[in-house]
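Counting from 1 along the sequence shown, just add 391 to a position and that's the residue number in this note's numbering. One structure is given here, and the rest of the page talks about it.
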Amino acid sequence: MEKEKILQIQNKLIARFPDAHCELDFKTPYQLLVATILSAQCTDVRVNKVTDELFRVADTPEAILALGEDTLREYIKTCGLGNSKAKNIISMSRDLVEKYNSEVPNDHAKLKALAGVGQKTANVVMSNAFDYPAFAVDTHVQRVSNRIGIAKSENVTGTEKQLMAAFDKNIWTRMHHTLIFHGRNICHARKPDCENCPIEDLCEKNGMK
Ligand code: SF4
392 MEKEKILQIQ
402 NKLIARFPDA
412 HCELDFKTPY
422 QLLVATILSA
432 QCTDVRVNKV
442 TDELFRVADT
452 PEAILALGED
462 TLREYIKTCG
472 LGNSKAKNII
482 SMSRDLVEKY
492 NSEVPNDHAK
502 LKALAGVGQK
512 TANVVMSNAF
522 DYPAFAVDTH
532 VQRVSNRIGI
542 AKSENVTGTE
552 KQLMAAFDKN
562 IWTRMHHTLI
572 FHGRNICHAR
582 KPDCENCPIE
592 DLCEKNGMK
């Protein structure tokens with residue numbers, strides 16, 4: 392897609408969703424890391440309910456380790472995948488204590504080496520906790536950007552590279568949130584609301600009947 396068209400899409404979506412932001416509640420990088428791990432296959436609303444309870448009793452690596460895997464699993468089980476998420480959060484917290492003085496590293500590669508942390512989670516933490524430019528591709532960003540035609544890739548790695556090339560670096564984090572808001576509110580997975588879409592005239596509607 393031509394740069395000029397992408398710029399129009401950017402401006403129209405930002406005008407429609409000027410307040411697009413991270414919807415996970417967090418006060419520290421560690422809280423965001425835990426919340427993002429919990430958000431796999433779970434809504435942000437559910438994660439916020441769970442972390443509201445969990446962080447009252449434990450919101451540092453040491454406190455989570457003291458809580459233990461079994462108790463942690465009880466707190467987080469309504470997010471789904473309770474067994475693997477509890478294991479990963481315990482393992483990740485142990486690594487933070489042993490290798491990073493209980494701090495979340497401000498380093499993409501180090502984040503990705505932690506249990507339960509993939510490319511998307513590392514990008515979310517780098518951009519939202521450390522203001523580092525990154526373009527996290529979740530299910531909404533993957534679907535919406537390919538439908539519109541800003542990206543053309545069946546996998547998130549390809550989509551991430553194409554989105555980073557399409558948009559200026561200083562707007563990656565903002566566009567990540569904007570595309571998520573667009574996907575949640577207008578360009579729904581099953582029934583996109585094209586009639587009320589601000590970029591209807593610019594969208595390629597790829598993969599749609
Ligand atoms: S026109 Fe339809 S498919 Fe295209 S971005 Fe808007 S809602 Fe999504």
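Even glycine gets a Cβ: it sits at the ideal position worked out from N, Cα and C.
Measuring only from the beta carbon, is residue i closer than 6 Å to any heavy atom that is part of the ligand SF4?
| i | result |
| --- | --- |
| R538 | yes |
| P583 | yes |
| K543 | no |
| K596 | yes |
| E586 | no |
| I602 | Missing from the structure shown is residue 602; the chain here goes from 392 to 600 and no further. |
| E494 | no |
| I577 | yes |
| E489 | no |
| E465 | no |
| E460 | no |
| E393 | no |
| E591 | yes |
I'd like the list of long-range same chain contacts for residue i, defined as Cβ closer than 6 Å, with 5 residues on each side in sequence excluded.
| i | result |
| --- | --- |
| A426 | L415, F417, V438, T442 |
| A506 | N479, S482, M483 |
| H567 | F526, A527 |
| C413 | N519 |
| V547 | V528, Q533 |
| A449 | I455, L458 |
| K508 | Note on identity: in this sequence residue 508 is Val, with Lys being the wrong assignment. If we look at V508 and ignore the five residues flanking it on each side, its Cβ neighbours are L502. |
| F558 | M566 |
Give a yes or no on whether the C-beta atoms belonging to residue i and residue j are separated by under 7 Å.
| i | j | result |
| --- | --- | --- |
| L445 | Y466 | yes |
| C433 | G459 | no |
| T569 | A411 | yes |
| C594 | I539 | yes |
| R407 | P524 | no |
| R485 | G473 | no |
| Y421 | V516 | no |
| A504 | L423 | no |
| C578 | V535 | yes |
| L404 | H573 | yes |
Is there a Cβ from chain D that is less than 7 Å from the Cβ of residue i?
| i | result |
| --- | --- |
| F526 | The structure shown contains no chain D, having only a single protein chain. |
Within the same chain, show all residues whose beta-carbon is closer than 7 Å to that of residue i, passing over the 5 residues directly before and after it, in chain order.
| i | result |
| --- | --- |
| N597 | N537, R538, G540 |
| A477 | E460, L463, R464, I467 |
| T469 | R437, V441 |
Go through its chain and collect everything with a Cβ distance to residue i's Cβ below 8 Å, but skip five positions before and after it.
| i | result |
| --- | --- |
| W563 | S518, P524, A525, F526, L554, M555 |
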